[in-house]
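Engineer: Can you keep this structure in mind? I'll have questions shortly.
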Amino acid sequence: MPAEPIGVLGAGWVGLATAAGFADLGHRVTVRDVVPERVTALSAGEVPIHEPGLAELLERHRERLRFTLELDEALESAGIVFVCVGTPSTYSGDADLSAVWQVIDELAGCEERLVLVMKSTVPVGAGERVRRRLDDRGLENVGYVSNPEFLAEGTALANFRNPDRVVVGSFAEADGDRVEALYAPLGSPILRTDVASAEMIKLASNAALATRISFINEIANVCELVGADIEEVARGVGLDRRVGPHFLRAGIGYGGSCFPKDASALKQLAANSGYHFQLLASVIEVNELQKRRVVQKLRGQLGSLRGKTVALLGLSFKPHTNDMRESPSLVLAPRLLAEGAIVRAWDPVAGEEARQLLIGVEVAATLLEAVEGADAALIVTEWPELRKLPCSDVRDAMRTPLIVDGRNLLDPAAVRAAGFAYEAIGRPSAVVARLDEAGLRS
Ligand code: UGA
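Take -6 as the starting number for the sequence shown in my numbering and just add one per residue.
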């Protein structure tokens, strides 16, 4: 298809990945954000988020990309405008749509048909309400399409180029056709639906993935009690093609800007509609409890944590991002401080964010600095850099050589051979190594 001018509203993860992706497909893209510093930085070629390959791609297509504070500029010649604004949780657990409404209320009439494409995650029924508001404002010439995003942080660009599916939900067939045409060069399956179903596909997809994680975490917790090894169990279960191997990594629980928010939004949406979504309520509760289980493991090895130094390693909610939204580290740091522990922390990229968010925690510049004199090193996020944790430098630096592996990142035999006691998630006592048994208590 010929290059088409595109507008993107919101220069967050989704907006920037979408803008870079469409620029890469040859389109001219104007990105509008309401934060002046963000627009200035992006215009100067600085990318305010850590996403592999994003800065390079934005730089490569600089001449096709424009960043602005003005909505008019993003709409100027664009026939298709992607809405990529934040929809955070409110206190009630519902999605806060104020940024979406602001966009709708700012829109002026247009002569040429404009298609507004909702990429932000919204509750089912939001499209219907937007359509009504547009009609009430006499904006019948503005079409509305739901095109949920399935990008995961850390792999957003690869997910854009090679999606499992593209979902296009529309009120008017022709609007959906225009959005479908934009994605056609990717050669991926495109599913055309009504708007409500497209909205539900997004929420149900994230709920399904969150459910798998809480499921495997509960299996892991039972494994610990009955002497099975979750790593073997997950491999064996995942080989069944009906189950599949993905999202069966047991650990400290899911975090991030999506699963917690979307699970809560779907549970709330169901409740608001008169249905108690019992399974999802349990998925959320299991995840909350899972984050805290490592504190019991620390206590089991060290006794009282009062005065003990714990090194929190990996602070972003997952590797290859500096995003700390809903990261387990945000729960663990205050929990450990409340137990009387001294908490040091380290992350390969999220150090700056952590300094602002982890009150009362010393954020170290290097891994070795974080473990110096520590009684335990706690792996919260499976950054590849942490694979080298069980080494003599770290062992010599720590007061008590104990590693609690909240992500089952390390090979237990290698950790023991390097002279550490070891705790992990869902591993039998034959695999973990207690400080006492290993004669390592200081
Ligand atoms: C997730 C979905 O994977 C995307 O498809 C979706 O588009 C996105 O949410 C969104 O709604 O915007 P993301 O939150 O970036 O993407 O990251 P994931 O890789 O899905 O991981 C989410 C959390 O689950 C992380 O905390 C991760 O550590 C955890 N996780 C993941 C596990 O604990 N175990 C697993 O097996 C997989």
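Cβ coordinates follow ideal geometry from the N, Cα and C atoms, glycine included.
Just so it is clear, the structure is predicted and the values come from calculations on it, not from any experiment.
For residue 156, which of 276, 143, 351 has the nearest alpha-carbon?
Structural biologist: As a working note, residue 156 is residue 163 in the sequence shown. Looking at the Cα atoms, 143 is the closest of the given residues.
Engineer: Give the straight-line distance between the Cα atoms of residue 247 and residue 309, rounded to the nearest whole angstrom.
Structural biologist: Here residue 247 corresponds to residue number 254 of the sequence shown, with the count starting at 1. Here residue 309 corresponds to residue number 316 of the sequence shown, with the count starting at 1. Answer to the nearest angstrom: the Cα atoms are 11 Å apart.
Engineer: In chain order, what residues of the same chain lie with their CB nearer than 6 Å to the CB of residue 387, ignoring the 5 residues before and after it?
Structural biologist: Counted from its first residue, the sequence shown places residue 387 at position 394. For residue 387, where only same-chain residues beyond five positions count, the Cβ hits under 6 Å are 364.
Engineer: Does the distance from the C-beta atom of residue 369 to that of residue 288 stay below 8 Å?
Structural biologist: For this step, residue 369 is matched to residue 376 along the sequence shown. For this step, residue 288 is matched to residue 295 along the sequence shown. No, the Cβ-Cβ distance between residue 369 and residue 288 is not below 8 Å.
Engineer: Pull up the distance between the alpha-carbon of residue 10 and that of residue 220, whole angstroms please.
Structural biologist: Within the sequence shown, numbered from 1, the residue matching residue 10 stands at position 17. Within the sequence shown, numbered from 1, the residue matching residue 220 stands at position 227. Distance between the alpha carbons of residue 10 and residue 220: 44 Å.
Engineer: Exposed or buried, residue 294, counting other C-beta atoms within 10 Å across all chains shown (16 or more means buried)?
Structural biologist: Locating residue 294 in the sequence shown gives position 301, where the first residue counts as 1. Classification of residue 294: buried, given that the 10 Å Cβ count is 16 or more.
Engineer: Could you give the uninterrupted runs of the alpha helix (DSSP H) lying entirely in the region 81 to 129, keeping only those of 4 residues or more?
Structural biologist: Correct list: 91 to 99, 119 to 129.
Engineer: Figure out for me which residue from 382, 375, 353, 352 has the closest Cα to the Cα of residue 362.
Structural biologist: Along the sequence shown, read from residue 1 onward, the residue named residue 362 stands at position 369. Here the closest residue by C-alpha is 382.
Engineer: How is the alpha helix (DSSP H) around residue 352 delimited, first residue to last?
Structural biologist: Numbered from its first residue, the sequence shown carries residue 352 at position 359. Element bounds for residue 352: n/a, residue is neither H nor E.
Engineer: Could you tell me whether the Cβ atoms of residue 420 and residue 403 are closer together than 8 Å?
Structural biologist: In the sequence shown, residue 420 corresponds to position 427, counting from 1. In the sequence shown, residue 403 corresponds to position 410, counting from 1. Not in contact: residue 420 and residue 403 (Cβ atoms no closer than 8 Å).
Engineer: Our contact map puts residue 73 next to residue 171 with C-beta atoms below 8 Å; I'd like the distance itself, whole angstroms only.
Structural biologist: As a first step, residue 73 must be located in the sequence shown, where it is residue number 80. As a first step, residue 171 must be located in the sequence shown, where it is residue number 178. Rounded, the Cβ-Cβ distance is 6 Å, consistent with contact.
Engineer: Determine, using beta carbons only, whether residue 184 and residue 154 come nearer to each other than 8 Å.
Structural biologist: Taking the sequence shown and counting its residues from 1, one reaches residue 184 at position 191. Taking the sequence shown and counting its residues from 1, one reaches residue 154 at position 161. It is not a contact, given that the beta carbons lie outside the stated cut-off.
Engineer: Cβ of residue 255 versus every heavy atom of ligand 1: is any distance shorter than 7 Å?
Structural biologist: For the purposes of this step, residue 255 is taken as the residue at position 262 of the sequence shown. The answer is yes for residue 255.
Engineer: Do residue 241 and residue 229 have their C-beta atoms closer together than 8 Å?
Structural biologist: Locating residue 241 in the sequence shown gives position 248, counting from the first residue. Locating residue 229 in the sequence shown gives position 236, counting from the first residue. Cβ distance not < 8 Å, so residue 241 and residue 229 don't count as in contact.
Engineer: Am I right that residue 134 and residue 111 are in contact with their C-beta atoms under 8 Å? What's the rounded C-beta distance?
Structural biologist: Mapped onto the sequence shown, residue 134 falls at position 141. Mapped onto the sequence shown, residue 111 falls at position 118. About 17 Å; that fails the 8 Å criterion.
Engineer: Which class does residue 461 belong to by DSSP, given the choice of helix, strand or coil?
Structural biologist: Past the edges of the chain, shown from -6 to 435, lies residue 461, and the structure says nothing about it.
Engineer: Can residue 75 and residue 36 be called in contact, C-beta distance under 8 Å?
Structural biologist: Reading the sequence shown from its first residue, position 82 is the one you call residue 75. Reading the sequence shown from its first residue, position 43 is the one you call residue 36. The answer is no: Cβ separation not under 8 Å.
Engineer: Quick one: residues in its chain with C-beta nearer than 6 Å to the C-beta of residue 194, no 5 flanking neighbours on either side, listed in chain order?
Structural biologist: In the sequence shown, the residue the question calls residue 194 occupies position 201. 160.
Engineer: Any heavy atom of ligand 1 closer than 7 Å to the beta-carbon of residue 242?
Structural biologist: Here residue 242 refers to the residue found at position 249 of the sequence shown. Correct: residue 242 has its Cβ closer than 7 Å to ligand 1.
Engineer: Can you give me the Cβ contacts of residue 115 inside the same chain, cut-off strictly under 7 Å, excluding the 5 residues immediately before and after it?
Structural biologist: Taking the first residue of the sequence shown as position 1, residue 115 is located at position 122. Here the set comprises 80, 88, 90, 93, 192.
Engineer: Does DSSP put residue 196 in a helix, a strand or coil?
Structural biologist: Within the sequence shown, numbered from 1, the residue matching residue 196 stands at position 203. Helix.
Engineer: Sorry if obvious, but does the Cβ on residue 146 come closer than 7 Å to a heavy atom of ligand 1?
Structural biologist: Counted from its first residue, the sequence shown places residue 146 at position 153. It does: the Cβ of residue 146 is within 7 Å (strictly closer) of some heavy atom of ligand 1.
Engineer: When you measure from the CB of residue 199 to every non-hydrogen atom of ligand 1, does any distance come out below 7 Å?
Structural biologist: As a first step, residue 199 must be located in the sequence shown, where it is residue number 206. Within the cutoff, so yes.
Engineer: Apart from the five residues just before and just after residue 398, which ones in its own chain have a Cβ nearer than 6 Å to its Cβ?
Structural biologist: Counting from 1 along the sequence shown, the entry for residue 398 is found at position 405. Cβ neighbours of residue 398 beyond the five flanking positions: 372, 417.
Engineer: My understanding is that residue 414 touches residue 428, with C-beta atoms under 8 Å, so please give their C-beta distance in whole angstroms.
Structural biologist: Here residue 414 corresponds to residue number 421 of the sequence shown, with the count starting at 1. Here residue 428 corresponds to residue number 435 of the sequence shown, with the count starting at 1. Confirmed, about 4 Å.
Engineer: How would you write the range of the beta strand (DSSP E) that residue 163 sits in, first residue to last?
Structural biologist: As a first step, residue 163 must be located in the sequence shown, where it is residue number 170. It spans 159 to 163 - the beta strand (DSSP E) in which residue 163 sits, taken as one unbroken run.
Engineer: When DSSP labels each residue in this structure, what does residue 153 get in the three-state scheme?
Structural biologist: Taking the first residue of the sequence shown as 1, we reach residue 153 at position 160. If DSSP states are grouped into helix, strand and coil, residue 153 belongs with the helices.
Engineer: Identify every residue that forms a DSSP beta bridge with residue 136.
Structural biologist: Stepping through the sequence shown from its first residue, residue 136 is reached at position 143. Per DSSP, 108.
Engineer: Could you tell me the alpha carbon to alpha carbon distance between residue 148 and residue 32, rounded to whole angstroms?
Structural biologist: Translated into positions along the sequence shown, residue 148 becomes position 155. Translated into positions along the sequence shown, residue 32 becomes position 39. If I take the Cα positions, the gap works out to 23 Å.
Engineer: Can you give me the Cβ contacts of residue 283 inside the same chain, cut-off strictly under 7 Å, excluding the 5 residues immediately before and after it?
Structural biologist: Within the sequence shown, numbered from 1, the residue matching residue 283 stands at position 290. Here the set comprises 210, 245, 246.
Engineer: Alpha carbon to alpha carbon, how far is residue 422 from residue 213?
Structural biologist: To locate residue 422, count along the sequence shown from 1; it is residue 429. To locate residue 213, count along the sequence shown from 1; it is residue 220. Cα to Cα, residue 422 sits roughly 13 Å from residue 213.
Engineer: With distances taken Cα to Cα, identify the nearest neighbour of residue 167 among 346, 137, 189, 152.
Structural biologist: Here residue 167 refers to the residue found at position 174 when the sequence shown is read from its first residue. Checked all of 346, 137, 189, 152; the closest Cα to residue 167 is 137.
Engineer: Residues in its own chain within less than 6 Å of residue 391 by CB, not counting five upstream and five downstream?
Structural biologist: Taking the first residue of the sequence shown as 1, we reach residue 391 at position 398. Around residue 391: 364, 367.
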